[in-house]
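Here the sequence shown is numbered in the working numbering, starting from 327 and rising by one per residue. Just so it is clear, CB atoms sit at the ideal spot from N, CA and C, and this is done for glycine as well. Heads up, the thing below is written out as structure tokens.
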Amino acid sequence: MTPPPCLVWLPADHRQLGPHATPYLLLGDKYARAVRDCALAQPVMFPLAQATDLPGLLGLVDGVLLTGSPSNVHPSHFDQQVHDPLLPLDPARDALTLALVRSCVEQGVPLLGICRGFQEINVALGGSLHQTVHGVPGLMDHRERGDTPEQEYAPSHEVRLAPGSAMERWAGGPVARVNSLHGQGVDRLAPGLRATAHAPDGLVEAFELEGARSFACAVQWHPEWRCAEHPFYAAILSAFGAAVRQRQAERLSGSRTIPQRQT
């Protein structure tokens with residue numbers, strides 16, 4: 327019998343749109359398509375989920391992908407004041423995703439973080455962020471450039487990949503070129519996270535959770551963008567998809583997840 331589709335949970339952004347600031351719950355199309363086309367799974371949303379719902383909801387899914395977003399993690403979560411009052415924030419998303427990260431780690435649910443999701447994982451596990459990377463002496467301006475999506479998501483800089491890491495295997499070598507569309511970035515890396523990619527200025531661009539029970543990686547760039555056209559990006563999402571399928575098999579059989587290397 328054909329197994330049911332694997333389900334990957336993508337959290338919603340909370341935005342106010344239009345002249346009357348109408349509340350919306352949003353998911354970027356490119357993230358859902360990347361889950362379907364490159365991870366070979368079905369994206370799902372629980373738009374009004376709260377942290378108290380996690381015990382029940384995580385049992386229904388096979389993986390979690392924390393997406394990028396125009397908003398940033400609120401600095402109060404890493405003991406800082408807001409430096410820029412114009413900083414786009416989403417406290418409702420923070421309330422869910424920071425708890426979601428910790429639950430995924432505890433339960434061995436495959437976890438992939440992208441951009442904001444990368445930052446959420448670091449903060450949830452005890453790390454901190456630069457609120458304005460381009461304002462830190464010695465660091466580059468990592469914000470997007472160009473007037474079209476093709477220009478914004480074009481390769482922007484190289485990343486150096488940790489020898490022997492999953493990132494190096496997925497890239498097929500020690501160096502890769504990636505896009506760059508972020509204003510915030512990792513300052514202090516959380517305990518238990520191992521940096522697996524660095525930008526030329528030394529900024530952490532990818533990490534994995536050491537000793538994770540399942541796939542637990544995150545990247546600062548955007549591999550979801552036309553992932554099928556970029557072998558490195560496709561390899562990241564394919565590895566996540568493989569972990570998701572393993573999780574589904576274990577979930578349906580009632581077996582336990584055992585520690586494994588990122589593949």
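(request) For L535, collect the residues of the same chain with a Cβ closer than 7 Å to its Cβ; drop the 5 residues on either side in sequence, then sort them by chain order. (result) Result list for L535: V431, G518, L519 and A542, in chain order.
(message) Restricting to Cα atoms, I'd like to know which of L383, P330, P349 and L353 is closest to Q368.
(response) Looking at L383, P330, P349 and L353, the one whose alpha-carbon comes closest to that of Q368 is P330.
(message) Buried or exposed, going by whether 16 or more other CB atoms sit within 10 Å of the CB of S454?
(response) Counting of Cβ neighbours within 10 angstroms places S454 among the buried residues, the total reaching 16 or more.
(request) Have a look at the DSSP bridge pairing and note the partners of C543. (result) Paired residue(s): L438 and E534.
(request) Specify, as a first and last residue, the run of the beta strand (DSSP E) that L487 falls within. (result) Start and end: H483 to L487.
(request) Please state whether DSSP places P396 in a helix, a strand or coil. (result) For P396, the secondary structure class from DSSP, reduced to helix, strand or coil, is coil.
(request) Return the CA-CA distance between E476 and Y559, expressed in angstroms with no decimal places. (result) Their backbone Cα atoms lie some 16 Å apart in a straight line.
(request) Indicate the three-state DSSP secondary structure (helix, strand or coil) for R471 in the structure shown. (result) Correct three-state label for R471: coil.
(request) Starting from the Cα of K356, find the closest Cα among E576, P401 and C553 and give me that residue. (result) Considering only alpha carbons, the answer is C553.
(message) Among T328, L487 and S506, whose alpha-carbon lies nearest the alpha-carbon of E470?
(response) The residue from T328, L487 and S506 with its alpha-carbon nearest to that of E470 is S506.
(request) Leaving aside the five residues before and after I584 along the sequence, list all residues of the same chain whose C-beta is less than 6 Å from its C-beta, in chain order. (result) With a pLDDT of 47 at I584, under the threshold of 50, the modelled position of that residue is not reliable, and no figure is offered here.
(request) State the start and end residues of the unbroken beta strand (DSSP E) segment that holds W335. (result) Where W335 is concerned, the enclosing beta strand (DSSP E) stretches over L333 to W335.
(request) Taking A497 as the reference, give the member of D513, V459, D467 and H556 with the closest Cα. (result) A497 has its Cα closest to that of H556, out of D513, V459, D467 and H556.
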